Amino acid sequence: MKILSLGSLNIDLVYSVDHINLEGETVSAKELETKQGGKGLNQSVALARAGADVLMAGCVGSDGKELLETLRDSGVDTALIHKVEEPSGHAVIQLADSGANSIIIYGGANLEVTPKMIDEALDHFCPGDYILLQNEISNVDYAIRAAKTRGLNVAFNPSPISKELVTYPLELVDIFILNELEGQTLSGTDSTEGAAVLAALAGKFPKAAIVLTLGDRGAMYHGNGQDLTCPAHKVPVVDTTGAGDTFCGYFLACVMKGKPPQEALESASRAIF
Ligand code: RIB
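Letter 143 of the sequence shown, counting from 1, is numbered 143 in this note's numbering, and no numbers are missing.
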């Protein structure tokens with residue numbers, strides 16, 4: 001069994017700052033680091049590290065060499081990634097002393113993913129395989145439909161939130177992995193409380209398994225007649241960028257190995273730290 005990780009690849013420009021910049025404020029960064037990121041790349045790397053057989057599909061520009069190298073070094077198959085004229089996507093990330101972050105993404109090549117590329121990528125997969133999607137590339141709605149039509153298990157991390165998100169064929173999703181804010185948007189609930197958000201999601205998507213991440217309060221799961229919780233591991237916060245992506249990758253890799261959801265939750269929450 002293998003997984004298609006169809007998603008974004010970003011060059012992350014990480015600026016270390018005392019605090020996240022306020023409106024109208026100019027601050028000097030203490031350091032600038034360039035890293036390989038994007039939710040798609042981060043999740044692909046996590047899947048591979050957790051032992052999944054992962055092929056990534058997406059688009060990079062001619063500046064994407066290190067993105068591809070990072071994936072290959074982690075054991076991700078990059079044969080389905082296209083090189084396009086548009087420069088690679090990038091992210092401008094403020095990383096505060098507290099470990100909090102603030103991210104602006106520029107889509108670039110990530111927005112060049114076409115239905116044809118998606119179909120060609122899916123040709124390499126069989127019914128029962130998995131696809132993992134986030135919301136940083138073009139044609140996510142097409143990918144959900146096409147993957148489901150071919151009998152793949154569809155896992156969706158609806159991040160970042162966009163206004164189009166609620167128009168996607170979300171009823172076709174088998175596994176949602178999302179945080180409380182994303183859960184509120186998808187379910188339409190006003191509640192900010194984890195259990196209520198999970199209940200609202202379960203009501204709206206009764207066929208799906210749902211993993212709700214709660215940051216330092218851990219994670220909750222609903223699906224297959226089970227309601228589970230998993231506490232977070234308490235450690236000093238250094239950098240939360242990509243923590244949700246690591247969680248996604250480890251959780252799904254465990255599920256693909258046939259592990260019970262409680263074990264998948266625990267493996268994913270340990271992997272973050
Ligand atoms: O989830 C973290 C990621 O979000 C970063 O790597 C950045 O590229 C943005 O996609």
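Note that CB positions come from ideal geometry on N, CA and C, so glycine has one too. Since the structure is predicted, the reported quantities are computational estimates derived from the model, not experimental observations.
Element boundaries [alpha helix (DSSP H), containing residue i]
i, result
"M117", "115 to 122"
"A268", "261 to 271"
"L181", "180 to 187"
Assigned secondary structure, residue i (DSSP; H/G/I helix, E/B strand, else coil)
i, result
"E85", "coil"
"V197", "helix"
"T26", "coil"
"V211", "strand"
"M56", "strand"
"A202", "helix"
"L67", "helix"
"L9", "coil"
"N101", "strand"
"S62", "coil"
Residue i classed as buried or exposed, judged by whether at least 16 other C-beta atoms fall within 10 angstroms
i, result
"C230", "buried"
"I104", "exposed"
"K39", "buried"
"P261", "buried"
"H90", "buried"
"A79", "exposed"
"S149", "Ser is not the amino acid found at residue 149; the sequence shown has Thr there. So T149 ends up on the exposed side."
"P158", "buried"
"M220", "buried"
"L132", "buried"
"L22", "exposed"
"T241", "buried"
"D245", "buried"
"E248", "Before going further, note that residue 248 is Cys rather than Glu in the sequence given. With 16 or more Cβ atoms within 10 Å of its Cβ, C248 is classed as buried."
Rounded C-alpha distance that separates residue i from residue j
i, j, result
"G223", "I161", "23 Å"
"L71", "G64", "11 Å"
"L201", "K30", "41 Å"
"V255", "L95", "32 Å"
"T167", "L4", "23 Å"
"V113", "G58", "6 Å"
"E171", "A208", "8 Å"
"L313", "A196", "Because the chain in this structure spans residues 1 to 273, residue 313 falls outside the shown range and cannot be described."
"L181", "T213", "10 Å"
"R217", "N179", "11 Å"
"N42", "L32", "20 Å"
"A243", "V54", "19 Å"
"S187", "G194", "12 Å"
"F176", "D123", "24 Å"
"F164", "A52", "Contrary to the premise, residue 164 reads as Glu rather than Phe in this sequence. One C-alpha to the other measures close to 30 Å."
Opening and closing residue of the beta strand (DSSP E) in which residue i lies
i, result
"E31", "31 to 37"
Proximity test, Cβ basis, 8 Å: residue i and chain C
i, result
"L68", "Of the protein chains in the structure, only one exists, and it is not chain C."
Contiguous beta strand (DSSP E) assignments of at least 3 residues, all confined to the stretch 215 to 250: 219 to 223, 226 to 230
Where are the alpha helix (DSSP H) runs, 4 residues long or more, that stay fully inside the stretch 123 to 173, in chain order? 140 to 149
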